[in-house]
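A.B. asks:
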Amino acid sequence: MNATQTMTGRCSRWLATGLAVLVLAACASPQPPRERLTLAQASLEAAASSGAPELAPAEYERARTKLEAAKVALGRNEYGKAHVMAEQAEADALVARHKAGAERARRATEEVNAGLKALREQTMRR
Amino acid sequence: MTSWKHYMALLAIPLAACQTTPPHHEGLREARQAYASASLHPQSGEGGGMELRRARQSLDAAERAWADRRNDDETRHLAYLAYRQAQAAHLAAEQRHQEAQLKQASVERERIRGQGHALDAQAAHNRADRLSDRADQLSLALQQMQARNTDRGLVVTVREVLFDTAQDRLHPGARRSAAQLADILKQHPQRRIRVEGFADSRGDEGYNQALSQRRAESFRDALVEHGVPADRIDVQGLGEAFPVATNATAAGRQQNRRIEVVFSDEQGQVKPRP
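If you want it as structure tokens, here you go:
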């Protein structure tokens with residue numbers, strides 16, 4: 412009985428917290444998520460400067476489209492949607508940036524390895 | 094009592110919800126998988142880097158949103174963030190892996206280049222060895238002919254070249270010397286020689302000059318007979334000059350009637366007399 416009561420107490424506390432969050436979430440979005448959009452914009456720019464438009468075009472495009480959607484939502488005062496889109500755009504831009512980095516490193520390695528092969532053959536012929 | 098039972102019954106519902114595992118959520122499953130894959134990458138590194146930590150935070154938030162609140166929209170959004178952040182972490186690890194390969198390949202390239210230079214150096218060294226080997230062989234061969242190593246190079250002196258002071262016929266000893274020298278010259282085709290003829294001081298200078306020239310030419314002819322190309326041999330009669338012994342005694346004069354064969358260096362250059 413004692414155990415059940417403890418469990419009940421813990422569970423009700425969780426329930427209360429969850430309910431509070433839900434209520435808060437429902438009431439939230441009084442503030443436009445401008446900071447989120449700024450962060451997403453910065454992330455997209457970082458991806459662009461790491462060569463993502465050429466090296467990871469699909470990933471870059473996905474991030475760019477979502478940031479546009481976030482801006483549109485913000486313009487319509489749909490702050491919740493703007494927040495979600497901006498957060499996803501930031502994550503997508505992160506993927507684009509790292510994909511471009513990995514791709515660039517892969518190409519460089521390929522190039523050096525090709526040179527290495529030629530050099531090895533040249534050394535063999537001596 | 095009744096109100097107490099009623100209260101318990103009400104509590105039973107959320108209690109059951111807390112104790113059972115939350116139902117399947119596809120987005121969450123994908124996010125967990127992506128996170129696991131990224132953290133298993135060999136280049137994931139210490140703590141997996143910033144991207145992996147962010148993925149962990151998003152995944153934890155998504156798990157809570159689903160387990161505690163069953164909020165599908167929130168869970169799906171957070172799971173999406175976790176999925177992408179894990180993907181970014183994986184790609185960052187892949188970039189580190191590629192960069193490590195690149196570094197290794199660059200080191201290997203430098204090593205091979207260095208090896209190439211070492212091979213070149215070894216080849217040059219071998220050439221030098223062969224050159225000095227050949228020089229050693231020559232001086233060894235000439236040692237049997239009592240060659241001297243002088244400032245001008247290896248010099249072989251042949252005495253008793255002609256039978257007689259007034260004759261051109263080659264003495265048998267000189268003939269043997271010519272045959273030996275011809276063999277040596279065949280083995281060292283890059284060498285040239287200068288045959289210098291000398292006379293003692295008896296008789297007049299003009300006669301001695303001509304005689305020394307004849308001595309040298311006779312020896313040259315003997316070498317050519319033994320197969321040495323004439324253009325590898327220079328001939329010079331030096332008369333009474335450069336005596337090696339006194340002309341006051343018969344023994345000394347015999348010493349002075351001689352030829353000297355001077356060997357060129359490897360490049361075929363014979364040093365002139367100072």
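So the protein lines, in turn, are chains R and Y. Numbering-wise, my numbering comes out as the position in the first sequence, counting from 1, plus 411. Numbering-wise, my numbering comes out as the position in the second sequence, counting from 1, plus 93. For each residue, glycine too, the CB sits at the ideal point set by N, CA and C. Because the structure is a prediction, the values reported are computed rather than measured.
In terms of alpha-carbon separation, which member of Y:Ala228, Y:Arg252 and Y:Glu318 lies closest to glutamate 353 of chain Y?
C.D. replies: Y:Arg252
A.B. asks: One question on the structure: do arginine 307 of chain Y and glycine 332 of chain Y come within less than 9 Å of each other, judged by their Cβ atoms?
C.D. replies: no
A.B. asks: Could you give the DSSP three-state label for threonine 250 of chain Y: helix, strand or coil?
C.D. replies: strand
A.B. asks: So threonine 534 of chain R is in the alpha helix (DSSP H); what residue range does that whole segment cover?
C.D. replies: 490-536
A.B. asks: Return helix, strand or coil for alanine 312 of chain Y, following the three-state DSSP convention.
C.D. replies: A small correction: the amino acid at residue 312 of chain Y is phenylalanine; alanine does not occupy that position in the sequence shown. Phenylalanine 312 of chain Y: helix per DSSP, three-state reduction.
A.B. asks: Going along chain R, which residues have a C-beta under 7 Å from glycine 120 of chain Y?
C.D. replies: Here the premise fails: no neighbours, minimum Cβ distance about 12 Å.
A.B. asks: In this structure, does DSSP put aspartate 213 of chain Y in helix, strand or coil?
C.D. replies: helix
A.B. asks: With threonine 339 of chain Y as the anchor, note down where its beta strand (DSSP E) starts and where it stops.
C.D. replies: Looking at the DSSP string, threonine 339 of chain Y is not in any beta strand (DSSP E), and its letter there is neither H nor E.
A.B. asks: Please compile the residues from chain Y whose C-beta is within a distance smaller than 8 Å of the C-beta of valine 523 of chain R.
C.D. replies: Leu195, Ala198, Ser199 and Arg202
A.B. asks: Tell me, to the nearest whole angstrom, how far the beta carbon of valine 288 of chain Y is from that of alanine 309 of chain Y; I am working on the premise that it is less than 8 Å.
C.D. replies: 5 Å
A.B. asks: Comparing C-alpha positions only, which one of Y:Ile286, Y:Gln302 and Y:Tyr300 sits nearest to arginine 313 of chain Y?
C.D. replies: Answer by Cα proximity: Y:Ile286.
A.B. asks: At a Cβ threshold of 9 Å, is alanine 469 of chain R touching chain Y?
C.D. replies: no
A.B. asks: Between leucine 145 of chain Y and alanine 179 of chain Y, is the Cβ-Cβ spacing less than 9 Å?
C.D. replies: yes
A.B. asks: Please report whether the beta-carbon of leucine 174 of chain Y lies at a distance below 9 Å from any beta-carbon of chain R.
C.D. replies: Answer yes: the Cβ-Cβ gap between leucine 174 of chain Y and chain R drops below 9 Å somewhere.
A.B. asks: I need the boundaries of the beta strand (DSSP E) containing arginine 269 of chain Y, first residue and last residue.
C.D. replies: Premise fails: arginine 269 of chain Y lies in the alpha helix (DSSP H), 265-280, not in any beta strand (DSSP E).
A.B. asks: Near tryptophan 159 of chain Y, which residues of its chain fall below 7 Å by C-beta distance, leaving aside the five closest residues on each side in sequence?
C.D. replies: Taking tryptophan 159 of chain Y as the centre and dropping the five residues before and after it, the same chain places the C-beta of Pro115, His118, Leu121 and Thr168 closer than 7 Å to its C-beta, in chain order.
A.B. asks: Can we count arginine 241 of chain Y as close to the ligand MN, meaning its CB is less than 8 Å from some heavy atom?
C.D. replies: The ligand content of the structure shown is nil, which means the ligand MN is not present either.
A.B. asks: Distance cutoff 9 Å, beta carbons only. Does glutamine 208 of chain Y sit that close to anything in chain R?
C.D. replies: yes
A.B. asks: Is there a Cβ of chain R sitting closer than 9 Å to that of alanine 182 of chain Y, yes or no?
C.D. replies: yes
A.B. asks: Where glycine 142 of chain Y and serine 132 of chain Y are concerned, what is the direct C-alpha to C-alpha distance, given to the nearest angstrom?
C.D. replies: When rounded, the separation of the alpha-carbon atoms in glycine 142 of chain Y and serine 132 of chain Y is 10 Å.
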